[in-house]
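Line by line, the protein sequences give chains A and B. The opening position of the first sequence corresponds to residue 2 in this note's numbering, with each subsequent residue numbered one higher. The opening position of the second sequence corresponds to residue 5 in this note's numbering, with each subsequent residue numbered one higher. Working notes for the structure below.
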Amino acid sequence: MVDILDLGAVEARVALDAGEISAVELASAYIAAAEETSGLNNYVALTAEHALEMAAASDARIAKGEAGLLEGVPIGVKDLFCTAGYSSTACSNILAGFTPTYESTVTANLWREGGVMLGKLNCDEFAMGSANETSAYGPAINPWQAADGADLVPGGSSGGSASAVAARSALLATGTDTGGSIRQPAAFCGVVGLKPTYGRCSRWGIVAFASSLDQAGPFSRKVADNALMMQAMAGFDPKDSTSADVPLQELSAAVTLGVRGMKIGIPSEYVLDGMDPEVVTIWQQGQDWLRAAGAELVDISLPHTKYALPTYYIIAPAEASSNLARYDGVRYGKRVEAESLDEMYALTRAEGFGEEVQRRIMIGTYVLSAGYYDAYYLKAQRVRRLIRNDFDTAFETVDAILTPATPSAAFPVGRKVDDPVTNFLNDVFTVPANLAGLPGMAVPAGMNGDGLPLGLQLLARPFDEATLYAAGQVLEDAAGFVANPTRRAGGVS
Amino acid sequence: MSVDKTTVAKIARLARIHVPDERQQAIATELNGILSWVDELNEVNTDNVEPLANVTGHSLPMRDDFVTDGDRIDDVLANVPESAGGFFVVPKVVE
């Protein structure tokens, strides 16, 4: 008997429909896996009883021939998504105890298609971070260990999601990506992560960070499983005014399309000074794989790439400072009592928000304040247009772009960094896609010399996720990546 | 453009975040580090470039202006720190 945890989502669906396994068995195995790997701190709430009820309902629907796309598939949910009746805190003390009375559109879509909720997953506070170290619940840990046995970060902000999928304590997981928060942790944990085109997945019911950049997306161990989940979670939603009424492509079919005749751009600006040579090697390897599969590689230029990070670190904090104004100690969440209303606001927010969140609110407040708005915020929005124009020009000649996903492999938990800017550099390859609103995918491509996963990133035109799945599958097949992190559930196979 | 302690106090006031005096200098230093880094954008010529606020290229949809939801006081107050008689309770605002 194969380990039930070995099944991918597509394979599990087949086995469930064939009656070889039940949804309750599958959910039970994942609950046990989450308990076995609880030291990774990737769940902030395991909703085992609820999962088993949902799984029993899935078994009943399968028996009646009424299975949805994800019927019986166990899914972890980033704590940024509101789940009705279940604590949703964005991993912040200011939302401690917050239990929404409504369900986010994305999670509602997953449950409508038969998905089974396992629980809520750790993340950086309000999704602000690249290592899952700003969480009020403490850091989530990467199931891949350093050669010396040290704990590594899973990346962030969706670190719990990537860690759980890699550790096999969730078959699939939701994430959100504002500057790389799906793709960077996916690369660090050796799993597949998609940031869809801005507007593909509804933002309704997701705790807002930077509204013009935020997108929800799927995590999985396999490209085909990712396509299945994306097919279920995406779609037009009138409740999100930026949701796009653009028909979704046949994503599950796209994974068989291959890349023959596809033109794939290689941007010269993504070669950085002092970049890890192993990252350069894996990038070259990816180019060779795509060429061997029939793609044509084209050198392209994205001249404003180096300005993407500073642009992002004006726009994202500006939007965050506005979005996070709602945490006022009045309507929900934490309150610190004080004599005056103003004092109550200031003390509540000082105690409720962590250091990184406060820093970003302060930067955002500054760049939006009288006298600085034009110099910072409007300037950044103008550069944002130039970054988008670079991509528009590139996509006149290429169908997709291949880059490294991250400048390095996962680093140790608690790494001391004096300068906040150093932490921002994790997102150097991922931020441009958010600024331009493009879809991007991270796919595991190989290992570095220390046995840690390295990922490649594919970017495509807006609303062309199908091309990412087609090319992503080619990379997955060629890489033959074997995911056996030390601390995964069910032992090492 | 350099941020000093006074500016930090002003930003903190605008952001409604209490920052103790002894933290203000450290925050000023951090903010200056970030701001001098983003100053790199001044190298870019953005004359005649329109700011990009909405990447979708779609204009926001309009709908008729009527109530679509309501009568859910219990839901709205389900998570409040303090309420009374169906209202939010805040510290006294008017003397």
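We put the CB at the ideal spot given by N, CA and C, even for glycine.
Report yes if the C-beta distance between residue i and residue j is below 7 Å; otherwise report no.
i, j, result
"A410/A", "L457/A", "no"
"A187/A", "A163/A", "yes"
"D1/A", "R204/A", "Residue coverage of chain A in this structure runs from 2 to 494, which leaves residue 1/A outside it and unanswerable."
"G481/A", "V444/A", "no"
"I21/B", "Y367/A", "no"
"G180/A", "Y373/A", "no"
"A165/A", "N43/A", "yes"
"G353/A", "N123/A", "no"
"A38/B", "I364/A", "A quick correction: the sequence has Ile, not Ala, at residue 38/B. Cβ distance < 7 Å, so I38/B and I364/A count as in contact."
Cβ closer than 8 Å: which chain B residues qualify as neighbours of residue i?
i, result
"F99/A", "N83"
"R336/A", "P85, E86"
"D497/A", "Here chain A has residues from 2 to 494 only, and residue 497/A is not among them."
"L499/A", "An answer regarding residue 499/A cannot be provided, because it is not within the stretch 2 to 494 covered by chain A."
"A339/A", "P95"
"Y367/A", "V7, T11, I15, L35, L39"
"A351/A", "I21, H22, V23"
Quick one: list the residues of chain B neighbouring residue i, beta-carbon separation under 7 Å, in chain order.
i, result
"A347/A", "R20, I21, H22"
"L1/A", "Coverage of chain A is limited to positions 2 through 494, which leaves residue 1/A absent and any answer about it impossible."
"V208/A", "Result: empty, since nearest Cβ-Cβ is about 13 Å, beyond 7 Å."
"T1/A", "With chain A represented from 2 up to 494, any question about residue 1/A goes unanswered, as that position is not in the structure."
"P311/A", "W41, V42, E44, L45"
"Q516/A", "Lying before the first or after the last residue shown, residue 516/A is absent from chain A, which here runs from 2 to 494."
"Y333/A", "N83, V84"
"S322/A", "A19"
"I315/A", "V42"
"R488/A", "The contacting residues do not exist; R488/A stays about 34 Å from chain B at best."
"I364/A", "L35, I38"
For residue i, count the other beta carbons within 10 Å of its own beta carbon; 16 or more makes it buried, fewer makes it exposed. Which is it?
i, result
"E47/B", "exposed"
"Q29/B", "exposed"
"V493/A", "Model confidence at V493/A stands at a pLDDT of 46, short of 50, so the residue's coordinates are unreliable; what they give is reported in the following sentence. Flag for V493/A reads exposed."
"L214/A", "buried"
"Y378/A", "buried"
"R14/A", "buried"
"I77/B", "exposed"
"N133/A", "buried"
"A269/A", "What sits at residue 269/A in the sequence shown is Ser, not Ala. Exposed is the call here."
"P463/A", "buried"
"P101/A", "buried"
"A405/A", "The question names Ala, but residue 405/A is Pro in the sequence shown. Label assigned to P405/A: buried."
"A317/A", "buried"
"E34/B", "buried"
"M66/B", "exposed"
"K65/A", "exposed"
"K96/B", "exposed"
"F91/B", "exposed"
For residue i, which of helix, strand or coil comes out of DSSP?
i, result
"L303/A", "coil"
"A446/A", "strand"
"L387/A", "helix"
"S494/A", "Unreliable placement is indicated for S494/A, whose pLDDT of 40 sits below 50; the coordinate value is still reported in the next sentence. S494/A: coil per DSSP, three-state reduction."
"E297/A", "strand"
"A147/A", "coil"
"S87/B", "strand"
"L436/A", "helix"
"A347/A", "helix"
"M55/A", "helix"
"K100/B", "Lying outside 5 to 99, the shown extent of chain B, residue 100/B is not represented and no answer is given."
"K9/B", "helix"
Applying a beta-carbon distance threshold of less than 7 Å, which residues of chain A neighbour residue i?
i, result
"T60/B", "Y199, G200, T243, A245, G438"
"E34/B", "R360, P421"
"V71/B", "Here the premise fails: no neighbours, minimum Cβ distance about 15 Å."
"A13/B", "Those do not exist, as A13/B stays about 11 Å from chain A at its closest Cβ, beyond 7 Å."
"A30/B", "Within 7 Å Cβ-Cβ: nothing; A30/B doesn't reach chain A, min ~11 Å."
Using the beta-carbon of each residue, which ones in chain A are nearer than 9 Å to residue i?
i, result
"F91/B", "Ordered by position in chain A, no residue passes the 9 Å Cβ test against F91/B, which lies about 11 Å from the chain."
Run down chain D in chain order and give the residues with a C-beta less than 7 Å from the C-beta of residue i.
i, result
"V97/B", "Given the protein chain composition of this structure (A and B), no chain D is represented."
Residues of chain A with CB under 8 Å from residue i, in chain order?
i, result
"T10/B", "The premise fails here: T10/B is roughly 13 Å from chain A at the closest Cβ pair, so nothing lies under 8 Å."
What does residue i reach in chain B if we use C-beta pairs closer than 9 Å?
i, result
"G330/A", "P85, V94"
Enumerate, from N- to C-terminal direction, the unbroken alpha helix (DSSP H) stretches of 4 or more residues contained entirely within the segment 402–430 of chain A.
-> Runs of the alpha helix (DSSP H) inside the segment 402–430 of chain A: 421–425.
Unbroken stretches of the beta strand (DSSP E), 3 residues or longer, contained in the segment 57–99 of chain A | 75–79, all fully within the segment 57–99 of chain A.
Uninterrupted alpha helix (DSSP H) stretches inside the segment 349–385 of chain A (no shorter than 4 residues) | Listed in chain order, they are 356–369.
Ignoring anything shorter than 3 residues or poking outside the segment 301–342 of chain A, list the beta strand (DSSP E) runs there in chain order.
-> Note on the segment 301–342 of chain A: there is no whole beta strand (DSSP E) run with a minimum of 3 residues.
What runs of the beta strand (DSSP E), each 3 residues or longer, lie entirely inside the segment 235–278 of chain A?
-> Secondary structure in the segment 235–278 of chain A: the beta strand (DSSP E) runs of 3 residues or longer, each lying completely within the stretch, are 264–268 in chain order.
Can you list, in chain order, the stretches of the beta strand (DSSP E) that have 3 or more residues and sit fully within the segment 163–243 of chain A?
-> You should have 173–178, 193–196, 216–221.
Enumerate, from N- to C-terminal direction, the unbroken alpha helix (DSSP H) stretches of 4 or more residues contained entirely within the segment 19–83 of chain B.
-> Listed in chain order, the complete alpha helix (DSSP H) runs (minimum 4 residues) inside the segment 19–83 of chain B are 25–42, 77–80.
Could I get the ranges of all uninterrupted alpha helix (DSSP H) runs contained in the segment 10–56 of chain A, with 4 residues as the minimum, in chain order?
-> Those alpha helix (DSSP H) runs which fall completely within the segment 10–56 of chain A and span 4+ residues are 10–18, 24–37.
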